[in-house]
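Novice: This note's numbering puts the first residue of the sequence shown at 14, with every later residue one more than the last.
Submitted below is the structure of interest, expressed as structure tokens.
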Amino acid sequence: MGRKRASVRREEILAATVDEIEATGLRALRVADVAGRLGLSASLVIYHFQTKEALVAAAFAHAGESDLNRAREIVDTDAPATARLSDLLAWYLPSGSTRAWTIWMDAWSSALFDAEIQSTLTVLDREWQDVFARVIADGVATGEFALDGEDPGEPAAVAATRLLAYLDGLSVRLMVGPGEEERATMLAWVEEFADTLLARDATSAAPGGRAPGESLPPHS
Numbered sequence: 014m015g016r017k018r019a020s021v022r023r024e025e026i027l028a029a030t031v032d033e034i035e036a037t038g039l040r041a042l043r044v045a046d047v048a049g050r051l052g053l054s055a056s057l058v059i060y061h062f063q064t065k066e067a068l069v070a071a072a073f074a075h076a077g078e079s080d081l082n083r084a085r086e087i088v089d090t091d092a093p094a095t096a097r098l099s100d101l102l103a104w105y106l107p108s109g110s111t112r113a114w115t116i117w118m119d120a121w122s123s124a125l126f127d128a129e130i131q132s133t134l135t136v137l138d139r140e141w142q143d144v145f146a147r148v149i150a151d152g153v154a155t156g157e158f159a160l161d162g163e164d165p166g167e168p169a170a171v172a173a174t175r176l177l178a179y180l181d182g183l184s185v186r187l188m189v190g191p192g193e194e195e196r197a198t199m200l201a202w203v204e205e206f207a208d209t210l211l212a213r214d215a216t217s218a219a220p221g222g223r224a225p226g227e228s229l230p231p232h233s
């Protein structure tokens with residue numbers, strides 16, 4: 014029972030840390046404030062994570078796995094790969110200052126100076142590439158996508174990396190101010206980029222007459 018309680022306590026601390034980063038940003042984060050959210054002492058938080066740096070890295074991993082699980086739910090369906098990819102793109106691109114993107118912008122900035130955070134983000138980035146590569150590979154297998162170039166067998170992982178790089182760049186731009194109208198424009202750009210990258214039919218629609226990505230909420 015003691016081990017289970019410790020595990021639950023760690024999860025509570027990680028969730029509180031994510032909430033605190035969302036509210037104040039990483040620069041202003043204090044262990045005492047995280048502890049205060051749970052009515053704990055700062056020393057108990059440090060007992061579970063040893064250092065503030067380890068706590069922050071674990072919190073980023075916690076938030077990242079939550080986002081990845083949602084992305085996997087989108088990808089792991091029986092819908093055509095074209096529809097699944099469009100749904101994934103629509104969900105990934107942020108709408109306003111969403112929690113997940115506030116956290117990731119902090120994480121990317123901090124990774125320049127913190128090796129532990131950099132290591133955590135490297136692992137998460139590989140997992141994101143795997144999610145995108147999986148749906149791309151599915152589309153290639155069904156003939157919905159084609160990977161062009163000098164090497165006809167260009168791996169889906171390379172296409173996934175290029176698509177994520179484009180998405181991340183536009184996502185950062187969206188987070189610094191433009192409104193929902195510009196988000197719609199940027200989502201159209203992402204769809205056009207995917208059409209070109211994957212030789213995808215831009216007129217494709219999901220089953221039931223729904224435009225790809227229409228039914229899903231933005232990344233949050």
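Just so you know, even glycine gets a beta-carbon here, dropped at the ideal spot from N, CA and C.
This structure is a prediction, so every number in the text was calculated from the model and none was measured.
For a test of the three-state rule: what should DSSP assign to A19, helix, strand or coil?
Specialist: Looking at A19 - three-state DSSP - the assignment turns out to be helix.
Novice: When we look at the beta-carbon of W202 and count the other beta-carbons within 10 Å, is it buried (16 or more) or exposed?
Specialist: Counting Cβ neighbours within 10 Å, W202 comes out exposed, since fewer than 16 surround it.
Novice: Flag this pair as yes or no: are the beta carbons of R85 and V144 separated by less than 8 Å?
Specialist: Cβ distance < 8 Å, so R85 and V144 count as in contact.
Novice: Just confirm the distance between the C-beta atoms of A76 and V31, as a whole number of angstroms; I'd bet it's less than 8 Å.
Specialist: A76 to V31, Cβ: 5 Å. Contact.
Novice: In its own chain, which residues sit with a C-beta less than 6 Å from the C-beta of E66, not counting the 5 before and 5 after it?
Specialist: The answer, listed in chain order, is E129.
Novice: Could you pull out every residue in the same chain whose Cβ sits closer than 8 Å to the Cβ of I87, ignoring the five residues on either side in sequence?
Specialist: Hits under 8 Å: R97, D100, L101, W104, L229.
Novice: Spell out a yes or no on whether the stretch 113-126 and the stretch 166-175 are touching, meaning 3 or more CB-CB pairs, one atom from each, closer than 8 Å.
Specialist: The stretch 113-126 vs the stretch 166-175: no contact.
Novice: If you measure between the beta carbons of L81 and E140, is that distance less than 8 Å?
Specialist: Yes. Within cutoff.
Novice: Please go through the same chain and pick out, in chain order, the residues whose beta-carbon is closer than 7 Å to the beta-carbon of D138, but skip the five residues on each side of it.
Specialist: Around D138: no qualifying Cβ.
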